[in-house]
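Okay, so the sequence shown: first residue is 0 according to numbering that gives the first Met the number 0, each after it adds one. To keep things clear, I will list the structure first and then write my remarks on it.
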Amino acid sequence: MDTRQKLGRRIKELRNKADLTQEKLAERVQIAPRHLSRLERGIHYPSLDTLELIAKHLHVPLKEFFIFPEDETADMLRDRLVQSISIMDEAELRRAVTVIRPG
0 MDTRQKLGRR
10 IKELRNKADL
20 TQEKLAERVQ
30 IAPRHLSRLE
40 RGIHYPSLDT
50 LELIAKHLHV
60 PLKEFFIFPE
70 DETADMLRDR
80 LVQSISIMDE
90 AELRRAVTVI
100 RPG
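Quick look at the structure:
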């Protein structure tokens, strides 16, 4: 899978996580739904301006589009976990501990 396809898959993952349809996100970003579909399928690269608008409407930093979970090493995953844990409140930490170590 090339970078364009990985980027497209990541856009789609983040859009789905935000619970937005292609049509709704395309409307917010002011691009055609067909164009967004092509971006998500890795047929076209988005312009930087378009990518910034997508990030804005998905409420994610631009760098999120370039984190490809399938390429992460164990050390990278640990670093991401530590970063995530460092900003959790007590209730979130308790839930995380339950998920990581049930019982």
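The beta-carbon is built from N, C-alpha and C at its ideal position, and this holds for glycine as well.
query                                                                                                                                             : result
With contact counted as at least three CB pairs below 8 Å, one residue from each stretch, are the segment 15–30 and the segment 72–79 in contact? : no
For the candidate residues A90, R3 and T97, whose alpha-carbon lies nearest to that of E39?                                                       : R3
Is L13 closer than 8 Å to E63 when the C-beta atoms are compared?                                                                                 : yes
Return the Cβ separation of I30 and T49 in integer angstroms, given the expectation that the two are a contact with Cβ distance under 8 Å.        : 6 Å
Beta-carbon separation of I86 and A95 under 8 Å?                                                                                                  : no
Unbroken alpha helix (DSSP H) runs of length 4 or more, entirely within the segment 34–77: which are they?                                        : 47–57
Quick one, which of S36, A54, D1 and H34 has its alpha-carbon nearest A17's?                                                                      : A54
What's the gap between the Cα of E69 and the Cα of K11?                                                                                           : 15 Å
May I ask which residues mark the beginning and end of the alpha helix (DSSP H) holding Q4?                                                       : T2 to K16
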